[in-house]
Amino acid sequence: MASVTAPAPVPAPETKERRYLDYGQPLWRRVLLTREMAIIGLLIVVIIVASAVVPKFGTTVTLGFLFLDVTPILLIALPMTLVIITGEIDLSVASMVGLSSVIFGVVYQAGLSMPTAALAALVVGAVGGTINGLLVTAVGLPSLAVTIGTLALFRGLAVGILGTTAVTNFPRYWTQLAKDKIGDTGIPIVMILVAILAVIFAVVLHFTPFGRGIYAIGLSAEAAQFSGVRVKRTKLILFVVIGIISALAGIYYTLRFGSSRGDNATGMELQVIAAVLLGGVSIFGGRGALHGVIGGVLLIGVLASALRLANVTSDVINIITGVLLVLSVVSSSILAWVQSKRAKPGIPRRQTTDDAPTQGRETNEKGIT
Amino acid sequence: MSTSTMFTPTEPGTSFSSRIGGVAKARETGIVLALLLVIAITTIKNPAFLFSSDGFRDLLLTPSILVVVAIGEAIVIITRNVDLSVGSILGLSAYLTGQMFILFPGIPIAAVFAIGIIFGALLGLINGALVAFAKVPSLVITLGTLYIYRGINLAWTGSDRIDPSDLPRTFLRLGTQTILGIPVLTLIAVIVLVIAAWYMKNTRGGREFYAIGSDPAAAELYGLKVTQRVLVAFLVSGALAGLAGVLYAARYGTVNAQAGLGFELEAVGAAVIGGVAIFGGSGTLWGAAFGAYLLFTINRALPVLGIPDFWQRAVVGVLIIGAIVLDRILALRQSRKLIEARDEDRG
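As structure tokens, this is what we get:
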């Protein structure tokens, strides 16, 4: 947005001043005064309050169950963040969890080994992701519509293959592995896998040209294309990756509950997206960071766990999730509005450019897709 | 100037043959043909599907509730928004309907309908106000209110449920009653459809929805009251979901906290199958209504055709993807034709 005004000769000194306002803030302010840190701060407050008020919240048993519960959401939220930053969305993830869970179970039941079954599930995840990705990139369809379609398709295949039956006779070694803890810390072993993936995704998103390309696509796919980002290839890769990670979450889900069913993880796509958006990722793309998303996932997980221990029923957790989600988006536009009122007229305001994309970027994005 | 003269001979309504051509080319025709095909194949397999009196009634009756919701959803989608909270609004309104009859025995049925619609409209107004005034994406807002409304429903209902015995018999009969062989619920849906479709096609207000959906920024610059229109779209969607809740209670008699769960995706699916572009600006309410009929008719046809109904969702998925691919191809072909027409005109 700023570059548009740059060619005009007159506002040149103003541009300089604006730059100073933007980047003149000390590092600690730029790191701490962000949405991501607000979510993480809120998470810490919730943990402290819950530990003090809710009996048994601070125990390792609670911690273990908390991590076991959030693992699938946390896994899928990682690639989902990247997908949403490009301005796309994938609603089919939970159906892919169900489908991969069924494939995993069926292949194992057919007498093949567990690793083979897991591999088959991951391949199905990659194929499903490729279908989504090709429909979005090669055919040029809006991802929202495509993945509503594959949401129904993948779930339909999952339920169709197994019907009302379930595969439950998994070897104890594997189901136990999904629940085992590291020593007596209460942290499940599977969290090591999650942590490794989180680091990989964070590095790719924040410290590689590929990751910068993801942000560029979200801000303006056309401009990204012209500056050399391979827009379609990047989106296709992300859809394949989110398919594979969803399948991985499906395998974990199956092992954790020891049951492969067609209706596993129904509705989880909304939980994942709610957590990602709560973590400060803009639904229009181009903005967001992984530490915020992880904070968002854990915030919902901790709240749910603490409230459940405090004997609050799941309906209140639903309400709180919804209110947090609405507040997280409304608050930023209220803040922008307040700032634009407070700022003196005549001085170029950076805030207005933050505000404007809500309308402008959307048109841009949809126009291209 | 020259382009407009070129199109004069093909302007709609000038001759009978061109009108027929328009109908044949319309996006909705494909859906109707698909619907007729499904009905025909299923009827050949099992004549009772269409020709038994129950079969015919169910054919019309079952999709009516989705039709009502899909109309509201289509209006919202046409303005380039989406309303994911309709399923939750439907659930709340259905339970409220039951509670009304329990709390106020003898309450007139018309009053219950009015309460359901107004209640839904209020919930829709909350969505609309958040989307329109805070200028935040409707997908996020209505995802949030989906949780909030469902949470309120769970808190209010708990493990309780409305049973048919709680409802007056006249109200329940409404769910299955027919007038001249046509179920009352279908009549209600058709009346809503005709009014809403007429409004969207022929009035200034209706066309403004399309204008906003085609290009929100241009609509704003043109001087349309975008905020107000978006607010109205959500209000209507909420009101229709509220109405659908009352119909749901009348049709099924049993209402628990799960009523209407996942209905939002069915409604969006129906609209998309019916040719309403997910990013707004094009599509008709007739299309959305036919889409809803196609969805539910396939649901009922699959078991008759000997396909276990577990596969139903997969078929729905293929349909949705097929519909949007088709729309894409049609749009590409049309833009190519327009470019050709322009070049010919210049040459």
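Sequences listed follow chains F and V, in order. Be aware that the first sequence starts at -19, since it is given in my numbering, and climbs by one per residue. Be aware that the second sequence starts at 3, since it is given in my numbering, and climbs by one per residue. Ideal Cβ positions, reconstructed from N, Cα and C, are used throughout, including at glycine. All values reported here derive from a predicted model rather than from experimental measurement.
Between residue i and residue j, which are expected to be in contact by the criterion C-beta below 8 angstroms, what is the C-beta distance as a whole number of angstroms?
i              : j              : result
L86 (chain V)  : L145 (chain V) : 5 angstroms
T130 (chain F) : I323 (chain V) : 7 angstroms
G297 (chain V) : V318 (chain V) : Residue 297 (chain V) is actually Leu in this sequence, not Gly. Confirmed, Cβ separation roughly 6 angstroms.
V104 (chain F) : A227 (chain F) : 6 angstroms
L258 (chain F) : G281 (chain F) : In fact, because the Cβ distance is near 11 angstroms, the residues do not count as touching under 8 angstroms.
L237 (chain V) : A123 (chain V) : 5 angstroms
R302 (chain V) : N298 (chain F) : In fact, because the Cβ distance is near 32 angstroms, the residues do not count as touching under 8 angstroms.
Y212 (chain V) : A96 (chain V)  : Their Cβ separation, rounded to whole angstroms, is 31 angstroms, which puts Y212 (chain V) and A96 (chain V) out of contact at 8 angstroms.
Going along chain V, which residues have a C-beta under 7 angstroms from residue i?
i              : result
G268 (chain F) : Per Cβ cutoff of 7 angstroms: no residues; G268 (chain F) is ~13 angstroms from chain V at best.
V310 (chain F) : L132, A136, V138
G105 (chain F) : Simply none; closest approach about 16 angstroms.
Is there at least one Cβ from chain V nearer than 9 angstroms to residue i's Cβ?
i              : result
R241 (chain F) : no
V303 (chain F) : yes
F187 (chain F) : no
R192 (chain F) : no
R135 (chain F) : yes
I263 (chain F) : yes
T61 (chain F)  : no
L250 (chain F) : yes
L257 (chain F) : yes
G44 (chain F)  : no
G108 (chain F) : no
I69 (chain F)  : yes
G247 (chain F) : yes
Using a Cβ-Cβ cut-off of 9 angstroms, state whether residue i counts as contacting chain F.
i              : result
P166 (chain V) : no
I341 (chain V) : no
Y250 (chain V) : no
T5 (chain V)   : Below a pLDDT of 50, predicted positions are generally treated as unreliable, and T5 (chain V), at 39, falls in that range; the measurement from the model is reported next regardless. No - not a single Cβ of chain F is within 9 angstroms of the one on T5 (chain V).
G183 (chain V) : no
V84 (chain V)  : yes
G293 (chain V) : no
G264 (chain V) : yes
For residue i, which residues in chain V fall below 8 angstroms Cβ to Cβ?
i              : result
A132 (chain F) : L267, G271, R315, A316, V318, G319, I322
A125 (chain F) : V274, I280, I322, I326
I253 (chain F) : L145
Can the beta-carbon of residue i be found less than 9 angstroms from the beta-carbon of residue j?
i              : j              : result
V139 (chain F) : R315 (chain V) : yes
T293 (chain F) : A157 (chain V) : yes
I65 (chain F)  : G266 (chain F) : yes
T147 (chain V) : L125 (chain V) : yes
V270 (chain V) : I128 (chain F) : yes
V107 (chain F) : G223 (chain F) : yes
L124 (chain F) : V84 (chain V)  : yes
F150 (chain F) : G85 (chain F)  : yes
L289 (chain F) : L23 (chain F)  : no
I231 (chain F) : T214 (chain F) : no
S285 (chain F) : L46 (chain F)  : yes
K159 (chain F) : L48 (chain F)  : yes
G293 (chain V) : I275 (chain V) : yes
V309 (chain F) : I143 (chain V) : yes
I69 (chain F)  : V77 (chain F)  : no
L137 (chain F) : V220 (chain F) : no
G277 (chain V) : D165 (chain V) : no
P52 (chain F)  : F181 (chain F) : no
Quick one: list the residues of chain F neighbouring residue i, beta-carbon separation under 9 angstroms, in chain order.
i              : result
R330 (chain V) : V119, G120, L121
I143 (chain V) : L305, V306, V309, V310
P310 (chain V) : G140, G143
Run through chain F and tell me which residues come within less than 7 angstroms of residue i, C-beta to C-beta.
i              : result
T229 (chain V) : Within 7 angstroms Cβ-Cβ: nothing; T229 (chain V) doesn't reach chain F, min ~12 angstroms.
Can you list the residues of chain V that residue i reaches, using a CB-CB cut of under 9 angstroms?
i              : result
A201 (chain F) : Those within 9 angstroms of A201 (chain F) in chain V number zero; the least Cβ separation is about 14 angstroms.
I314 (chain F) : A136
V73 (chain F)  : Ordered by position in chain V, no residue passes the 9 angstroms Cβ test against V73 (chain F), which lies about 14 angstroms from the chain.
L115 (chain F) : I323, I326, V327
G129 (chain F) : G271, V274, V318, G319, V320, L321, I322, I323, G324, A325, I326
I want to check one thing, is the minimum distance from the CB of residue i to the heavy atoms of the ligand SAH below 8 angstroms?
i             : result
Y88 (chain F) : Ligands are entirely absent from the displayed structure, and the ligand SAH is therefore not among its contents.
Output, in chain order, the set of chain F residues within a Cβ distance shorter than 8 angstroms of residue i.
i              : result
T147 (chain V) : G302, V306
I150 (chain V) : N298, I299, G302, V303, V306
Short of 9 angstroms Cβ to Cβ, which residues in the segment 273 to 301 of chain F face chain V? Those residues of the segment 273 to 301 of chain F that come within reach of chain V (Cβ to Cβ, closer than 9 angstroms) are T293, S294, D295, V296, I297, N298, I299, I300, T301.
Taking only beta carbons into account, state which residues of the segment 153 to 164 of chain V come closer than 7 angstroms to chain F, listed in chain order. Within the segment 153 to 164 of chain V, the qualifying residues are G153, I154, L156, A157.
Tell me which residues of the segment 173 to 185 of chain F have at least one Cβ-Cβ distance to chain A shorter than 9 angstroms, keeping chain order. Looking for chain A here will not work: the only protein chains present are F and V.
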